[in-house]
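Chains as they are written, first to last, in UniProt numbering: chain A, 1 to 385; chain B, 1 to 385. Beta carbons: idealized from backbone N, C-alpha and C, even for Gly. Predicted model only: the values in this text are computed from it and were never measured. Before any comments, here is the structure.
There are 2 protein chains.
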Amino acid sequence: MHTNDSDVVIAGAGVIGLVTAWRAAQRGLHVTIVAPEISEAASPVAAGMLTPASEATFGEETLMRFGTLSRNRYPEFITELEEESGTPTGYRTEGTLQVAFDTDDLAKLTDLGELQNRLGIKTERLTARECRRLEPMLAPAVRGGIVAPDDHSVDPRALMAALRTAAERHGAVGVRDRVTEVLYAQGQAAGLRLESGGEVRGRHVVLAAGVWTGAISGLAPGLLPELRPVKGQLLRLRTPEDQEPVVTRTVRGLVKGTPVYLVPRANGEIVLGATQEEMGHDTRLTVGGVWEILRDAHELVPGVSELEITETCVGLRPGSPDNAPLLGPTRTPGLHLAVGHHRHGVLLTPATGDAMAEALAGGELPDYARAFATDRLPTGSEEER
Amino acid sequence: MHTNDSDVVIAGAGVIGLVTAWRAAQRGLHVTIVAPEISEAASPVAAGMLTPASEATFGEETLMRFGTLSRNRYPEFITELEEESGTPTGYRTEGTLQVAFDTDDLAKLTDLGELQNRLGIKTERLTARECRRLEPMLAPAVRGGIVAPDDHSVDPRALMAALRTAAERHGAVGVRDRVTEVLYAQGQAAGLRLESGGEVRGRHVVLAAGVWTGAISGLAPGLLPELRPVKGQLLRLRTPEDQEPVVTRTVRGLVKGTPVYLVPRANGEIVLGATQEEMGHDTRLTVGGVWEILRDAHELVPGVSELEITETCVGLRPGSPDNAPLLGPTRTPGLHLAVGHHRHGVLLTPATGDAMAEALAGGELPDYARAFATDRLPTGSEEER
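Structure (structure tokens):
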């Protein structure tokens, strides 16, 4: 069964699939994007912090530079996207405050500040009192912090809706189905087979289905490295109407070595997260996960106790062997990857969209994304290359 | 305007309304029971512990004696109900272990044990080692405990389903609507007005709508004392299939003065609770409530960390001025109450059903329930104790 052939067929409708669709469609390419009816993407679970360097990314300097580049593109990206979609994205520009709970945490934060300076991320070291002046609800125990005024946040659910609308306005078409297999013609990738039995055809195929990409069959051996599901448990909280928000900007804390964050939205919602667990495709909400998040948030901002829990969520971040994304063409003609964004999918959305569209239109990744080419990682079948 | 008249019209389909319906229908009375489509009852949130005396009931000795009487009726009650309904109730007879976390908690538990003995509740004092022999997953910090072999548990959701089926088999009829007003004829209560505009008529009217009873209009001044909503937040947990249950009987703990309990079901579910908060009709799940329950459960049984959270629930227990139920006829002819069961609705279900049916059939409460007559309290919200 052939439907209308597209230029680009994309598996996955998280932020990465959607931004690729939008940017490709803007260039006049005919795009079809396929994803299941009920989203299994990590994007709608994400908090939406745009912080290229944090305690969790030490030692991943190339990735942090790419993150900084993507973060720097965000203001223009949002302006263009909101204009094209007519849809708000919940972009907030109050910056990020990182705070330390004890002296060990403060030492780690000091190292982090130096790293951020090296990467060109503007930060300012703050005393405990200065931290509380910015965020009066912080616990008295907070020892000090760093403010990064240009590390903003976005609402990933609003971002997804805006990207979808913008892509559709450029003619992109969505198909609600699960992708089961890559199809080929004359040695080239030529489309995707769907669970319903149908197929969509196109001269470029982009796999952008996060941890679920590994379940798509028909890939050449060694083409796709293993993507580890890195489970994150989060909570969404609501501020009672008669109360001030407990934080007014993104607050990341290190509490006795454990990271925790609170990301506020304009409507009073607070996203509180997150665990990092490697347990396969397990998406269960656990006592231990929820308890640790609540414990650390309570240590940092005792006033969270009064907030309502409106939602609990679990997402699976797609972690590649080096924790960095795999972008652009593969050794199979016509087959592209946009996977492995791990904790950084939302942050890397603008740069990924630009790089993917350039690769789809011109055949090559731009210089700034070349470190993330799909052939950089040794795999079990390296000798085949 | 007049549809088929009933003998008994009941507002409320929690365990108290349902058991009254069943017991009245068994006596040949024609019963109609009215409750909203979506249950607002506290019963389906309840854990189902059948423990007449706990750290929370000190000083309420009359109530504890009534609870003990009701508990003692449970085995026969369950046998009869399961036979009549053909439906299991999740009744478990492994008893209850109460444990203390620190020396202060142990002192309180010792007092409780003495109280239980006075009430005729069989208990045995256990060392820490003996506690862990019964429940090997208890934290090493547990100092000692008391086992009450005859304090069992039931699954309130299964109990409700069984009561409904049994009542229907005796001809009771359910109406899905909200009760707005008591109706009268010749100075006697004669039925209930429904939100949809309809009404149901009967020569006896029983109000058994928990905290929502106060919203029913048309009652004589001072007839119904104020019922405080006592909010309880609980969690329902699932044991992974490859794991042993973390507890094999009801475990109640005192953790630095705060009570927490774990009630296991046959299917591996654990009910974990509960907060006690007086905040009006607020049913929000809060960070503080969930965090405290998880913290204390984790202190008591660290293995809970591995369990999945399958449900969060909030219920409003109906607390009367003296925390005891109000049962039977009122000074308005034809109008009866079965309200104010607070934390004890499930425990008091057998005794309440018997007492209400006797009062409906014979006009008077039996002796064992007379302490809970509706006219015992000075009108309004004046406290007796």
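Residue i versus chain A: which residues are under 7 angstroms apart at the beta carbon?
| i | result |
| --- | --- |
| Leu294 of chain B | Val287, Val290, Trp291, Leu294 |
| His152 of chain B | Simply none; closest approach about 25 angstroms. |
| His30 of chain B | Chain A residues near His30 of chain B: none, gap ~44 angstroms exceeds 7 angstroms. |
Residue i versus chain A: which residues are under 9 angstroms apart at the beta carbon?
| i | result |
| --- | --- |
| Ser305 of chain B | Thr286, Val287, Gly288, Gly289, Trp291, Glu292 |
Relative to the C-alpha of residue i, which candidate in the options has its C-alpha closest?
| i | options | result |
| --- | --- | --- |
| Gly90 of chain B | B:Ala47, B:Gly67, B:Gly345, B:Ser70 | B:Ala47 |
| Ser54 of chain A | A:Thr68, A:Pro44, A:Ala41 | A:Thr68 |
| Asp105 of chain B | B:Met137, B:Arg370, B:Pro333, B:Leu254 | B:Leu254 |
| Leu337 of chain B | B:Arg343, B:Leu347, B:Gly353 | B:Gly353 |
| Gly340 of chain A | A:Leu134, A:Gly214, A:Gly218, A:Pro36 | A:Gly214 |
| Pro52 of chain A | A:Thr96, A:Glu244, A:Ala42 | A:Thr96 |
| Asp151 of chain A | A:Arg317, A:Pro245, A:Arg249, A:Gly289 | A:Arg249 |
| His344 of chain B | B:Gly28, B:Gly14, B:Trp22, B:Arg238 | B:Gly14 |
| Arg118 of chain B | B:Ile10, B:Ala128, B:Arg73, B:Arg65 | B:Arg65 |
| Thr258 of chain B | B:Ile293, B:Glu364, B:Arg265 | B:Ile293 |
| Thr180 of chain A | A:Arg203, A:Ala172, A:Val31, A:Ala209 | A:Ala209 |
| Leu335 of chain B | B:Gly363, B:Glu311, B:Thr310, B:Ala158 | B:Gly363 |
| Ala42 of chain B | B:Gly28, B:Val314, B:Asp102 | B:Val314 |
| Ala148 of chain B | B:His342, B:Glu308, B:Cys131, B:Leu219 | B:Cys131 |
| Val290 of chain A | B:His281, B:Trp22, B:Val304 | B:Val304 |
| Glu244 of chain A | A:Val251, A:Phe372, A:Glu269 | A:Glu269 |
| Arg73 of chain B | B:Leu126, B:Thr87, B:Leu50, B:Pro88 | B:Leu50 |
| Ile309 of chain B | A:Glu308, A:Leu327, A:Glu94, A:Gly288 | A:Gly288 |
| Asp367 of chain B | B:Pro333, B:Arg129, B:Leu327, B:Arg201 | B:Leu327 |
| Glu61 of chain A | A:Pro333, A:Ala359, A:Asp322, A:Thr110 | A:Asp322 |
| Arg178 of chain A | A:Val247, A:Ala24, A:Ala167, A:Glu40 | A:Glu40 |
| Gly174 of chain A | A:Tyr184, A:Leu183, A:Ala161 | A:Ala161 |
| Arg133 of chain B | B:Gly145, B:Lys122, B:Thr123 | B:Gly145 |
| Glu241 of chain B | B:Lys122, B:Glu306, B:Pro329 | B:Glu306 |
| Ser85 of chain A | A:Ala172, A:Pro140, A:Leu63, A:Ala100 | A:Ala172 |
| Thr165 of chain A | A:Phe101, A:Arg23, A:Leu235 | A:Arg23 |
Please classify residue i as buried or exposed, where buried requires at least 16 other C-beta atoms within 10 Å of its C-beta.
| i | result |
| --- | --- |
| Gly12 of chain B | buried |
| Arg370 of chain B | exposed |
| Gln186 of chain B | exposed |
| Ala107 of chain A | exposed |
| Glu383 of chain A | The predicted position of Glu383 of chain A is uncertain, since its pLDDT is 43 and thus under 50; no value can be drawn from it. |
| Glu299 of chain B | buried |
| Ala266 of chain A | exposed |
| Lys231 of chain B | buried |
| Pro221 of chain B | exposed |
| Glu278 of chain B | exposed |
| Ile78 of chain B | buried |
| Ile38 of chain A | exposed |
| Arg385 of chain A | Summary for Arg385 of chain A: the model assigns pLDDT 36, below 50, so the residue's position carries little reliability; its value from the coordinates is reported in the next sentence. It counts as exposed. |
| Thr374 of chain B | buried |
| Glu199 of chain B | buried |
| Arg252 of chain B | buried |
| Gly197 of chain B | exposed |
| His342 of chain B | buried |
| Glu135 of chain A | buried |
| Asp296 of chain A | buried |
Which residues in chain B sit within 7 angstroms of residue i, going by Cβ to Cβ distance?
| i | result |
| --- | --- |
| Glu308 of chain A | Arg284, Leu285, Thr286 |
| His344 of chain A | Here the premise fails: no neighbours, minimum Cβ distance about 27 angstroms. |
| His204 of chain A | Ordered by position in chain B, no residue passes the 7 angstroms Cβ test against His204 of chain A, which lies about 41 angstroms from the chain. |
Name the chain A residues whose beta carbon is nearer than 8 angstroms to that of residue i?
| i | result |
| --- | --- |
| Leu237 of chain B | Val287 |
Residue i touches chain B at which residues, Cβ-Cβ below 9 angstroms?
| i | result |
| --- | --- |
| His336 of chain A | Going along chain B, no residue has its Cβ under 9 angstroms from His336 of chain A, so there is no contact; the nearest lies around 37 angstroms. |
For a contact defined as C-beta to C-beta under 8 angstroms, what are the partners of residue i on chain B?
| i | result |
| --- | --- |
| His170 of chain A | Per Cβ cutoff of 8 angstroms: no residues; His170 of chain A is ~42 angstroms from chain B at best. |
| His341 of chain A | None at all; the shortest Cβ gap to chain B is about 27 angstroms. |
How about residue i: is its C-beta nearer than 8 angstroms to some C-beta of chain D?
| i | result |
| --- | --- |
| Ile16 of chain A | In summary, chain D is missing from the structure at hand, where the protein chains are A and B. |
May I ask you to list, following chain order, the residues of the region 272-289 of chain A that have a beta carbon less than 7 angstroms from some beta carbon of chain B?
Arg284, Leu285, Thr286, Val287, Gly288
Could you list the residues in the region 91-125 of chain A with a C-beta less than 8 angstroms from some C-beta on chain B, going in chain order?
none
My parser needs the beta strand (DSSP E) runs of 3 or more residues fully inside the region 170-209 of chain A; what are they?
173-176, 179-185, 188-194, 199-207
I'd like the ranges of any alpha helix (DSSP H) spanning at least 4 consecutive residues and lying wholly in the region 299-385 of chain A.
349-362
Mind listing, in chain order, the continuous alpha helix (DSSP H) runs of no fewer than 4 residues lying wholly within the region 104-153 of chain B?
128-134
List in chain order: all unbroken alpha helix (DSSP H) runs of 4+ residues lying wholly within the region 225-313 of chain A.
287-300
Just to confirm the assignment: which complete beta strand (DSSP E) runs, minimum length 3, are found wholly within the region 22-47 of chain B?
31-35
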